[in-house]
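Sequential numbering of the sequence shown, starting at 73, is according to the numbering used here.
Positions of the beta carbon are idealized from the N, C-alpha and C atoms, including for glycine.
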Amino acid sequence: PTVNGRERVGKLLSGQPVDRPPLAPVLSLYGARLTGQDARRYYTDPAAYVAGQRAVLDLVAPDVLFTPFVATVEAAAFGGVEHFLERHPPNLESPPVRRARDLGRVRPPDVATHPRLAYAREATRRLRGELGDRAMVCGIALTPVELGAMVLGLEGFLDALLFDPEGL
């Protein structure tokens, strides 16, 4: 009997034999190209993201689908400004703060209502609900080090790390 991606990953994780190693390419943005969407819509509209991942699933048949891979979502939630590009994930135009000594001014986002976090949450929910019976859905989140670079910006983070580690 043929197994789908979700079943294949589940078997592997539980130590059962599998017909082949699971395929898990990170093709988040590729879905935008397959569905003819610009990156702004793709990374702000959960339905657009899921449509793109459905196209990826239909074309490539990966065993794992990834939730939106866009680091600036968390930075925007803490007050950063995103710069959207036509065919690429957004960049961080302006971090919430630029110096480690200003970290005390950063306020945690309201995770229930912030629009960028709502996008990520809703895209994840829809991805799991609409495609999760065919592929394992894997969430992507920033590590504390990456989040530090997003909150301070890469330059501010490296400056603090190299020259003011006590400020972190």
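Opposite residue i in the DSSP bridges: which residues?
i: E154; result: L164
i: V136; result: M208
When you compare each of the options to residue i by their alpha carbons, which one comes out closest?
i: R179; options: R170, G151, P162; result: G151
i: D135; options: R170, P167, K83, A207; result: A207
i: D236; options: V183, L189, R198, R173; result: R173
i: E194; options: P118, L224, V153; result: P118
i: A147; options: V169, L129, R159; result: V169
i: L99; options: E158, T74, L137; result: L137
i: G176; options: V223, G201, E165; result: V223
i: F141; options: T196, P167, E238; result: T196
i: E158; options: L101, A123, L189, G82; result: L101
i: Y191; options: D205, D91, T139; result: T139
i: L106; options: V209, E202, R126, D205; result: R126
What are the start and end residues of the beta strand (DSSP E) that includes residue i?
i: V183; result: Segment: none, V183 is in no beta strand (DSSP E) and carries neither H nor E.
i: V209; result: 208-210
Where do the N-terminal and C-terminal ends of the alpha helix (DSSP H) with residue i fall, by residue?
i: F141; result: From DSSP, F141 is part of no alpha helix (DSSP H); its letter is neither H nor E.
i: V128; result: 118-132
i: T74; result: Unbroken run through T74: none, as it is neither H nor E.
i: A213; result: Neither: A213 is in no alpha helix (DSSP H) and is coded neither H nor E.
i: L106; result: 102-107
i: Y114; result: 111-114
Quick check on residue i: buried or exposed, where buried means 16 or more other Cβ atoms within 10 Å of its Cβ?
i: E154; result: buried
i: G225; result: buried
i: A213; result: exposed
i: A232; result: buried
i: A123; result: buried
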